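One structure is given below, encoded as structure tokens.
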Amino acid sequence: MRDSRTHQPLTYDVRLPDEAQADALRLLDESKALVNAALALLWPHLDEFDTDRVGPAWKQVGKYIASPSPHGDRQWRCESEVVGRVLRAQAERKRAFELIEPILSDGFIRKSTDKRPAGKNRPAIKEAITTLQRSLQEDETSFVALQNVVEQCCNYYFQQDQFPPTYEALQPLPLLKVGMLTYAGDDGGAKGQAYRLALDVDAGIARFRFRYPDEAGIWHWRKVDTIIPLPEIVKERLTCGELMAPTLREEQRVDGSRIAVLDFIIEVEKQEMPTWEAVSRVLGADWGVHTLLTATAVDEHSEQVGRPFFLNTGGFDGRQARTRRQIDELKKKVAQYEEQRDALPFDHPKRTWYNQKLALFRREIDRCWRKYEQRNRALAHLASNVLVLLCQVHGCSLLSMESLTTLKTTGRGRGVKGRWRNYRNNTTVRGEIWRLLRYKCHLIGLRFHTERPRGTSHTCPRCGQPAKTYRDPSDRKKAVKWGRWLFCDACFYNGDRDYCASVNIARLGLAYLVQMKQTGKARFCSITDPRVKPVSYTGAGAVLLLPPTGNHPARNIRGKICYYSGWLGSAFLQSSHKKHIFLRLCG
Ligand SMILES: [Zn+2]
């Protein structure tokens, strides 16, 4: 593995094809049992994993235990690599614990009152850690690592009414809950003795073969290669990165079923973050009420750059809702058939018929879930790509993103039930987009910052005054909290609600940027803070490189650029001039 300061590993998980699932899961069960037994055995030696960490982790484990089962030397190395990595990570946490132990104090705990339950006094914790770090100049333990352990200690306090006396009291034996096997202990994809992995990038596939225990517990090589279609993103990354040993992993689904996935790990060069001085434009992105995402770029003179961008998912939501309904109906059928089957005498011949039908339904449920999850993932990838692309198009090096705490939902879908379902799906998709964005920004050297949405939908972006929203541009009789049109009584500006919110998120991002430039320190700003400047839009700012822009400010829906998620794999942009552009986007 190369230097972690200049390179970073990226992980892409791919579900193994059905033909390999059972064997892979059996392999994972077996190796999990061995890993957990070894962890239990070595837990008392935890300290040695902090000091004596030269060379690969499997070697260190090998000093204490040899393969407990004659299932192959390289296979055992891979298992010991997992054991060693877990112990090394734990040893690091233990060192962090020893650093923070002297500063643990009752001041970290906010006592319960009539109005609030007990909690953590975060400002006190932050201050104490900062002071501690200043006194430990040599130590490289990060703030986040220290904070994380302090929080774990506080949680312990809530349960035991005292801080933990030792690290071992704080941290129970860290056993694997699901199977995980890294092939990093083996001799590589071409010569491996526990696995083989060959890439055929032209054909877009990987050939994977592995050793596994059969149902009788006898270890074999699999007779055939498992053909894994490579996702586009993996092909893309392989052009500039290096493929490392993969990790085989078990994933548990919402419904309790298990699947085996293979993590492709590609090491790429890190991009440097731009200095604050170099950042001059901000892209503000808001989780819309009527669209999934809305984004607007603003420059440091508080001038909007180009047109706003609306990410519309109409057809997508409908399809997801249909798949969910299909799953619900199948589940109902399963329950029905199970009941009818169980009512039969134990040796009744029709039981077999029921069991076959049930197996069929369950497979179908599984297929629907997979389709549902795949669609969500594809959408999240595209949405994050579009935002990253917009940053590049508009020259924004800071992405200011509305935080995830919001409860906004696109009220599509009929009735409370439909809306709830949409809400749940939106939450999942947003979480995925947020996670991808944070990581993609890191990867290409964009700064990423989240802002609290409070008030951003009910503030005029042009003058900064509170403003009301209405159902429709032509109907100003009654203000509606979720209305799609914002009117400002102070300056008479009016505009699409989601667009206004995205400008406001950009304004908050801009205030943050200015503070970082001036003082190097960020302070939380509310949307009413005078440091959050109004944004003007003359339409004469920088020209958008994508579709041509008109001469009129984006005061109405006509001027917006829409992106439809109906085309997964390519983005479909529509400008007010009805000119369509297809873009190939890469991860
Ligand atoms: Zn106004």
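Residue numbering for the sequence shown follows our numbering, beginning at 628 and increasing consecutively. Using N, Cα and C, we set each Cβ at its ideal position, and we do this for glycine too. Computed from a predicted model, the values in this text were never measured in an experiment.
Own chain, CB closer than 8 Å to residue i, minus 5 neighbours either side, in chain order
i       : result
CYS1147 : Note that residue 1147 is Gly in the sequence shown, not Cys. Closer than 8 Å at Cβ, skipping near neighbours: TRP903.
SER1011 : ILE1060, LEU1063, LEU1064 and LYS1067
GLN648  : ILE886 and ALA887
TRP996  : ARG880, VAL881, ASP882 and ILE954
LEU1140 : TRP903, VAL906, VAL909, GLU927 and LEU1025
CYS1118 : CYS1087, ARG1089, CYS1090 and GLN1092
ARG849  : ALA647, ASP650, ARG836, PHE837, ARG838 and TYR839
VAL961  : LEU985, PHE988, ARG989 and ILE992
Same chain, Cβ closer than 6 Å to residue i, neighbours up to 5 away in sequence not counted
i       : result
PRO1088 : CYS1127, VAL1130, ASN1131 and VAL1162
ARG1079 : SER1030
SER1192 : Because SER1192 sits at a pLDDT of 34, beneath the cut-off of 50, its placement in the model cannot be relied upon, and the following sentence gives the value as read from the coordinates. Hits under 6 Å: THR940, PHE943 and LEU1006.
LEU919  : LEU938 and THR940
GLN687  : GLY711
GLN635  : LYS897
ILE855  : VAL641, ALA833 and PHE835
Sub-8 Å separation of residue i and residue j beta-carbons
i       : j       : result
ALA843  : ALA833  : no
LEU643  : THR874  : no
VAL1024 : PRO901  : According to the sequence shown, residue 1024 is Ser rather than Val. Against a cut-off of 8 Å, the Cβ pair of PRO901 and SER1024 comes out as a contact.
GLN898  : GLY1072 : yes
PHE835  : LEU889  : yes
VAL906  : CYS867  : no
HIS1000 : LEU985  : Reading off the sequence, residue 1000 comes out as Glu, not His. The answer is no: Cβ separation not under 8 Å.
ILE736  : ALA745  : yes
ALA1133 : THR923  : yes
TRP876  : GLY699  : Looking at the sequence shown, residue 876 is not Trp but Arg. Result no, Cβ atoms of ARG876 and GLY699 do not sit closer than 8 Å.
LEU802  : ASN663  : yes
ARG989  : LEU637  : no
VAL776  : ILE727  : yes
GLN774  : ILE752  : yes
GLY915  : VAL925  : no
GLU708  : PRO671  : no
ALA811  : ALA872  : yes
ASN981  : GLN967  : Checking the sequence shown, residue 981 turns out to be Tyr, not Asn. Closer than 8 Å, so yes.
ARG1002 : GLN931  : no
LEU666  : LEU800  : yes
Pairwise C-alpha distance: residue j and residue i
i       : j       : result
LEU870  : GLY816  : 10 Å
LEU957  : ASP969  : 18 Å
GLY1177 : GLY933  : Low local confidence applies: a pLDDT of 34 at GLY1177 is under 50, so the model's placement there is unreliable, and no value is given.
GLY734  : THR768  : 23 Å
ARG761  : PHE770  : 11 Å
TYR998  : ARG715  : Note on identity: in this sequence residue 998 is Lys, with Tyr being the wrong assignment. Approximately 38 Å, taken between the alpha carbons.
THR1083 : ALA821  : 55 Å
GLN717  : GLY711  : 10 Å
PRO791  : THR1077 : 34 Å
ARG720  : GLU675  : 13 Å
HIS847  : LYS690  : 27 Å
ARG1041 : LEU987  : Here ARG1041 scores only 45 on pLDDT, less than 50, and its place in the model is too uncertain to base an answer on.
LEU1171 : PRO935  : Low confidence applies here, because LEU1171 scores a pLDDT of 38, under 50, leaving its location unreliable and the question unanswered by this model.
TYR783  : GLN789  : 7 Å
TYR1097 : GLY1091 : 18 Å
SER696  : ARG704  : 12 Å
GLU679  : THR793  : In the sequence as displayed, the identity of residue 679 is Asp instead of Glu. Each residue's Cα considered, the two are about 21 Å apart.
VAL1159 : ALA1138 : 5 Å
ASP913  : ASP993  : 33 Å
ASP814  : ARG823  : 9 Å
CYS781  : GLU795  : 15 Å
THR1229 : CYS1018 : This structure gives no information on residue 1229, because the portion of the chain shown stretches from 628 to 1214.
LEU1070 : VAL1015 : 11 Å
Nonlocal neighbours in the same chain, by C-beta distance under 7 Å from residue i, ignoring five residues either side
i       : result
LYS862  : VAL828 and GLY831
ASP656  : GLY806
SER658  : GLU706, GLY806 and LEU808
GLY1022 : ARG908
ALA755  : ILE730
ASP974  : none
LEU652  : GLU877, ARG885 and ALA887
LEU673  : LEU714, GLN717, ALA718 and LYS721
MET1143 : TRP903 and ALA1149
Proximity test, residue i beta-carbon vs ligand 2 heavy atom, cut-off 7 Å
i       : result
TYR1126 : Absence of ligand 2 is noted for the structure shown, with ligand 1 being the only ligands found.
* **Those runs of the alpha helix (DSSP H) which lie wholly inside the region 968-1027 and span at least 4 residues** => Correct list: 977-1021.
* Asked: Which runs of the beta strand (DSSP E) spanning at least 3 residues fall entirely within the region 828-912, listed in chain order?
  -> For the region 828-912, whole beta strand (DSSP E) runs of length 3 or above, ordered along the chain, are 832-840, 846-848, 853-856, 874-879 and 885-896.
* **alpha helix (DSSP H) segments (min. 4 residues) lying fully within the region 711-774** => DSSP runs (the alpha helix (DSSP H)) wholly in the region 711-774: 749-762.
* Asked: Is there contact here, the region 1149-1158 with the region 1101-1115, by at least three beta-carbon pairs under 8 Å?
  -> The region 1149-1158 vs the region 1101-1115: no contact.
* In chain order, each alpha helix (DSSP H) run of at least 4 residues that lies wholly inside the region 1132-1162 -> The qualifying runs do not exist here; there are none.
* At 4 residues or longer, and completely inside the region 1046-1081: list those alpha helix (DSSP H) runs for me, N to C. => Runs found: none.
* To do: Output the residue ranges of the beta strand (DSSP E) runs that lie fully inside the region 768-814 and measure 3 residues or longer, sorted by chain position.
  => Considered as a whole, the region 768-814 harbours 807-809 as its complete beta strand (DSSP E) runs of no fewer than 3 residues, in chain order.
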